[in-house]
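Engineer: Per my numbering, residue 10 is the first one in the sequence shown, and the count goes up by one each step.
Don't be surprised by glycine CBs; every beta carbon is placed ideally from N, CA and C.
Small disclaimer: the values here were computed from a predicted structure and weren't measured.
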Amino acid sequence: MVIANDEYSIWRTAPDASRLCYQHFCWRELYKSNIHPSIDLTNRPNLRIAELATGHCLWAIQVAEEYPHAQVEASDISLGLMPPKPDLPANLAVRKWSFFDPVPEEWIGAFDLLHVRLVIQPFGGNQDPRSVLDKFVSMLKPGGYLQWDEYDYHNADKNNVYSANDPVLVPNPEVTHNSSTKVWKLIMKTFQWPTEHFDRLADYFSAAGLTDVAAHKKRPPPAVFRAFYEHWYALVAQLLPVLDSMDAGAGQEAKELLMQMKKDAVVDGVYSAHITKFVVGRKPEQ
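1) Can you tell me whether residue 155 is helix, strand or coil according to DSSP?
2) Just tell me which of 171, 277, 263, 187 has its CA closest to the CA of residue 228.
3) Nearest CA to the CA of residue 273: which residue from 184, 206, 198?
4) What first and last residue would you give for the beta strand (DSSP E) that runs through residue 234?
5) Among 266, 160, 42, which residue has its Cα nearest to the Cα of residue 67?
6) I'd like to check one pair, residue 150 with residue 225: are the Cβ atoms closer than 8 Å?
7) Residue 109 by DSSP, collapsed to three states: which one?
8) Under DSSP, the alpha helix (DSSP H) around residue 198 begins and ends at which residues?
9) Quick check: what's the CA-CA separation for residue 139 versus residue 77?
10) Would you call the stretch 113–123 in contact with the stretch 55–73, where contact means no fewer than 3 C-beta pairs closer than 8 Å?
11) Using beta-carbon positions only, say whether residue 32 and residue 240 come within less than 8 Å of one another.
12) According to DSSP, residue 226 sits in a beta bridge with which residue or residues?
13) Compare the C-beta of residue 138 with all C-beta atoms of chain C and state if any pair is closer than 8 Å.
14) Expressed to the nearest angstrom, what Euclidean distance is found between the alpha-carbon atoms of residue 15 and residue 181?
15) If you reduce the DSSP assignment to three classes, tell me which class residue 18 lands in.
16) Taking contact to mean 3 or more Cβ pairs, one atom from each stretch, closer than 8 Å, check whether the stretch 239–253 and the stretch 192–207 are in contact.
17) Run through DSSP, which three-state label would residue 58 get?
This is how it looks when you write it as structure tokens:
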């Protein structure tokens with residue numbers, strides 16, 4: 010199933026704007042930075058940075074403020090979640106664009122850093138992301154970096170991790186309180202998100218000609234572990250109407266699992282989060 014652009018209206022609501030802002034600050038806490046520490050942008054004249062599928066634009070706004078000498082560009086299929094243009098940094102430009110469309114000519118070979126985060130949903134229907142990856146690579150300058158942030162989707166049993174307030178009382182929460190893992194699997198299956206393709210992003214980076222490729226996986230730290238859980242809970246709740254319209258049985262099962270997730274947290278003090286993955290690669294110098 011390929012999700013049409015007009016179906017993204019669910020992601021342009023006030024609750025989603027709040028959830029995306031929450032998500033941004035959770036991810037920023039992972040490295041205390043928006044840009045992966047392996048990426049070196051020093052001594053680069055005419056520095057240009059782009060974020061695609063920018064959503065609320067917070068990543069691009071903060072990077073524009075951190076690099077006031079850079080030209081930063083942010084794009085999305087909808088600009089509905091972004092702040093008013095007068096409130097944006099002077100060195101940040103925004104435009105409407107889908108990465109399924111042809112790359113604008115002026116963006117070919119233009120950027121020192123290209124950033125995307127959590128874009129598995131548009132690839133519903135088990136779409137192969139490699140043609141889009143090739144577009145991303147074409148947008149990089151020689152020596153430019155691609156940073157692609159996702160969750161470690163493929164193996165939910167291992168990559169959905171748990172924390173319990175009382176590990177003596179709940180020694181194996183991944184076995185006894187695994188409603189979060191179950192709903193994770195249900196959503197991936199129903200929406201046909203291409204988890205196996207996204208698990209191979211690092212290999213696809215190399216095949217696309219990028220070098221110095223690294224897939225850095227990281228468990229959310231204690232300071233934001235519960236915050237990651239709360240964000241996941243909010244996302245599942247937001248997906249329920251869509252899930253229910255696609256498959257009533259899956260929707261009902263997800264509702265029951267969501268109720269169990271809440272009980273796990275409120276009654277038993279068990280929270281779950283997903284392993285994060287930063288895939289980074291560099292375009293060779295000419």
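Structural biologist: So, to answer that:
1) strand
2) 171
3) Checked all of 184, 206, 198; the closest Cα to residue 273 is 184.
4) Looking at the DSSP string, residue 234 is not in any beta strand (DSSP E); the run it does join, the alpha helix (DSSP H), is 231–255.
5) 42
6) At the C-beta level, residue 225 and residue 150 stay beyond 8 Å of one another.
7) The DSSP-derived three-state label of residue 109 is coil.
8) 188–200
9) Rounded to whole angstroms, residue 139 to residue 77 spans 33 Å at the Cα level.
10) The stretch 113–123, when compared against the stretch 55–73, does touch it at the 8 Å Cβ threshold.
11) yes
12) 286
13) Chain labels in this structure do not include chain C; a single protein chain is all it has.
14) Legend: pLDDT at residue 15 = 42, less than 50; position of this residue unreliable, value from coordinates given subsequently. Cα to Cα, the separation comes out at about 43 Å.
15) Residue confidence is low: residue 18 scores 46 on pLDDT, short of 50, so the model does not pin down where it sits. No coordinate-derived value is stated.
16) yes
17) strand
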